[in-house]
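Participant: I'd like to ask you about the structure that follows.
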Amino acid sequence: MLIRHLYCRATVTRGLFVPTKNTWGNQDMSRPSSDLAAFRDIFSKAKHVVILTGAGVSAESGVPTFRGAGGYWRKWQAQQLATPEAFSRNPSRVWEFYHYRREVMLTKTPNPAHQAIAECQERLCRKGRKVTLVTQNIDELHRRAGSKDVLELHGSLFKTRCMSCGHVSANHKSPICAALEGKGAPDPNTDDAKIPVNDLPRCQEADCRGLLRPAVVWFGESLDSDILQRVEEELDSCDLCLVVGTSSIVYPAAMFAPQVAARGVPVAEFNMEHTPATMEFQFHFHGPCGTTLPAALAPHLSEAK
Ligand SMILES: [Zn+2]
């Protein structure tokens with residue numbers, strides 16, 4: 001596929017913008033359909049569905065992204081703190097930021113879009129059909145809604161990686177370490193806690209004690225090549241693809257969905273906005289995905305009880 005020639009897996013980095021104009025060979029510029037019955041007919045026959053989700057799904061649960069207008073933590077946006085350079089300069093500040101985000105997640109819950117996806121996965125799986133979930137969200141709301149085998153492109157807020165031994169582990173502790181308790185306030189006038197590096201989260205592996213970092217893909221970092229390979233295999237074999245709550249001109253939908261559409265496989269976009277890539281897709285359902293998705297993924301009349 002063309003996409004593979006353009007972007008070698010090992011060098012795919014976060015924050016990549018991809019040109020979309022006619023790049024993938026689909027020259028049909030008629031508007032995508034919003035005919036739900038037509039989508040439901042295709043959905044009822046699909047054997048292997050891939051669902052890509054992005055920030056829009058989390059936003060409907062009130063999860064802050066720290067991007068765009070008003071999206072600040074203290075004086076900064078995510079692009080300034082979610083980088084290896086920011087962490088090496090000031091690990092205490094970056095840990096305060098992530099501690100705050102972890103603690104905020106304790107107050108958030110999955111919304112009807114997460115639930116519709118989890119329910120659809122479970123239901124179709126029982127009938128021998130396959131629904132693969134690929135997300136760029138790091139908040140684990142899909143898992144909490146009951147989805148299994150979630151491919152997390154950008155890692156998770158609730159995993160850590162050791163800077164010394166590389167060990168990755170799940171970590172749902174609140175607070176993640178004693179020194180961060182009560183820290184991380186987002187108010188712009190809050191002073192840095194300046195936590196000594198030895199008091200930040202440390203590796204629990206025997207004799208290591210290395211500094212831990214959040215196991216998320218930061219801006220400028222490469223994506224996990226094993227996960228990318230899995231995603232590409234799923235995209236190559238699916239017979240229906242849904243793009244939910246993510247802009248189709250920004251990674252990852254920009255890379256993945258047009259690749260599927262170019263194969264002649266139906267792609268349905270569920271989003272609050274149109275994008276240039278929208279024109280390459282067969283369906284576009286406009287509006288909050290917590291409203292549009294449950295109707296789209298509900299049991300079809302043709303499904304045996
Ligand atoms: Zn370690």
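Residue numbering for the sequence shown follows UniProt numbering, beginning at 1 and increasing consecutively.
Idealized CB from N, CA, C, for every residue including glycine.
Among all the DSSP beta bridges, which residues are the ones paired with Asp202?
Facilitator: It should be noted that the sequence gives Arg, not Asp, for residue 202. Per DSSP, Leu211.
Participant: Would you mind giving the Cβ-Cβ distance between Leu200 and Pro91, rounded to the nearest angstrom? I have them listed as a contact below 8 Å.
Facilitator: At roughly 6 Å, the Cβ-Cβ gap stays under 8 Å, so Leu200 and Pro91 are in contact.
Participant: Run through the stretch 125-189 for me and flag every whole alpha helix (DSSP H) of 4 or more residues, listed as ranges in chain order.
Facilitator: Correct list: 141-145.
Participant: For Glu210, which residues of its own chain have a beta-carbon under 8 Å away from its beta-carbon, when the five flanking residues on both sides are left out?
Facilitator: Before going on, a small fix: residue 210 reads as Gly here, not Glu. Excluding residues within five positions, the ones whose Cβ falls inside 8 Å are Cys162, Met163, Ser164, Cys165, Arg202, Cys203.
Participant: Please classify Thr107: is it buried, with 16 or more other beta-carbons within 10 angstroms of its beta-carbon, or exposed?
Facilitator: Counting Cβ neighbours within 10 Å, Thr107 comes out exposed, since fewer than 16 surround it.
Participant: On a Cα-Cα basis, can you pick out the residue from Leu180, His167, Arg213, Gly182 that is closest to Ala206?
Facilitator: For Ala206, the nearest C-alpha among the options comes from His167.
Participant: Within 10 Å of its beta-carbon, does Glu60 have 16 or more other beta-carbons around it, so buried, or fewer, so exposed?
Facilitator: Glu60 is buried by the Cβ-count criterion.
Participant: List the endpoints of the continuous beta strand (DSSP E) containing Ala296.
Facilitator: No beta strand (DSSP E) contains Ala296, which is instead part of the alpha helix (DSSP H) from 289-297.
Participant: Please tell me whether, using a cut-off of 8 Å, the distance from the CB of Cys165 to the nearest non-hydrogen atom of ligand 1 is below it.
Facilitator: Cys165: yes, Cβ under 8 Å from ligand 1.
Participant: Check Ser247 in the structure and name its three-state DSSP category.
Facilitator: Looking at Ser247 - three-state DSSP - the assignment turns out to be coil, as it is neither helix nor strand.
Participant: In chain order, what residues of the same chain lie with their CB nearer than 8 Å to the CB of Lys47, ignoring the 5 residues before and after it?
Facilitator: Here the set comprises Arg129, Lys130, Asp239.
Participant: So, with DSSP's three-state summary, where would you put Phe48?
Facilitator: Looking at the sequence itself, residue 48 is His, so the reference to Phe does not match. Looking at His48 - three-state DSSP - the assignment turns out to be strand.
Participant: Give me whichever residues DSSP pairs with Asn271 in a beta bridge.
Facilitator: Per DSSP, His286.
Participant: Can you list the alpha helix (DSSP H) stretches of 4 or more residues lying completely in the stretch 44-125, in chain order?
Facilitator: Those alpha helix (DSSP H) runs which fall completely within the stretch 44-125 and span 4+ residues are 55-59, 78-81, 84-89, 91-105.
Participant: Around the Cβ of Pro188, are there at least 16 other Cβ atoms within 10 angstroms (buried) or fewer (exposed)?
Facilitator: Exposed: under 16 other Cβ atoms inside 10 Å.
Participant: So Leu297 and Cys120 are in contact, right, with Cβ under 8 Å, and what is the actual spacing, rounded?
Facilitator: With 8 Å as the limit, Leu297 and Cys120 qualify as a contact, their Cβ atoms being about 4 Å apart.
Participant: Using three-state DSSP, classify Glu303 as helix, strand or coil.
Facilitator: If DSSP states are grouped into helix, strand and coil, Glu303 belongs with coil.
Participant: Would you tell me roughly how many angstroms separate the C-alpha atoms of Arg14 and Leu153, rounded to the nearest one?
Facilitator: Taking the straight line joining both Cα atoms gives about 10 Å.
Participant: What are the boundary residues of the alpha helix (DSSP H) that includes Leu223?
Facilitator: Unbroken run through Leu223: none, as it is neither H nor E.
Participant: Figure out for me which residue from Ala69, Ile51, Cys125, Lys159 has the closest Cα to the Cα of Arg102.
Facilitator: Checking every option, the nearest Cα to that of Arg102 belongs to Lys159.
Participant: Give the DSSP-derived three-state secondary structure of Ser237 in the structure shown.
Facilitator: Ser237 falls in the helix class under three-state DSSP.
Participant: So Val265 and Cys289 are supposed to be a Cβ contact under 8 Å. How far apart are they, rounded?
Facilitator: Actually they are not in contact, since the Cβ atoms of Val265 and Cys289 sit about 20 Å apart, beyond 8 Å.
Participant: For Ser58, which of Met279, Cys125, Ala113 has the nearest alpha-carbon?
Facilitator: Considering only alpha carbons, the answer is Ala113.
Participant: Do the CB positions of Ala82 and Val216 come within less than 9 Å of each other?
Facilitator: In contact: Ala82 and Val216 (Cβ atoms closer than 9 Å).
Participant: Using a 10 Å radius around the Cβ and a threshold of 16 neighbouring Cβ atoms, would you call Leu293 buried or exposed?
Facilitator: Buried, because 16 or more other Cβ atoms sit within 10 Å of the Cβ of Leu293.
Participant: Are there any heavy atoms of ligand 1 lying less than 8 Å away from the beta-carbon of Glu205, as far as the coordinates show?
Facilitator: Glu205 Cβ: within cutoff of ligand 1.
Participant: Roughly how far, in whole angstroms, is the beta-carbon of Ala277 from the beta-carbon of Ala254, given that I think they are within contact range, below 8 Å?
Facilitator: With 8 Å as the limit, Ala277 and Ala254 qualify as a contact, their Cβ atoms being about 6 Å apart.
Participant: Can you give me the Cβ contacts of Val150 inside the same chain, cut-off strictly under 7 Å, excluding the 5 residues immediately before and after it?
Facilitator: Counting only Cβ-Cβ distances below 7 Å, and skipping sequence neighbours, we find Leu133, Thr135, His142, Arg143.
Participant: Is the beta carbon of Gly210 within less than 8 Å of some heavy atom of ligand 1?
Facilitator: Yes, Cβ of Gly210 sits closer than 8 Å to a heavy atom of ligand 1.
Participant: Compute the Euclidean distance between the alpha carbons of Ser222 and Leu228, then round it to the nearest angstrom.
Facilitator: Distance between the alpha carbons of Ser222 and Leu228: 10 Å.
Participant: What number of angstroms, rounded off, separates the C-alpha of Met105 from the C-alpha of Val50?
Facilitator: Spanning the two alpha carbons is a distance of roughly 26 Å.
Participant: Using only the heavy atoms of ligand 1, determine whether one of them is closer than 8 Å to the beta carbon of Cys177.
Facilitator: Answer for Cys177: no, Cβ out of range of ligand 1.
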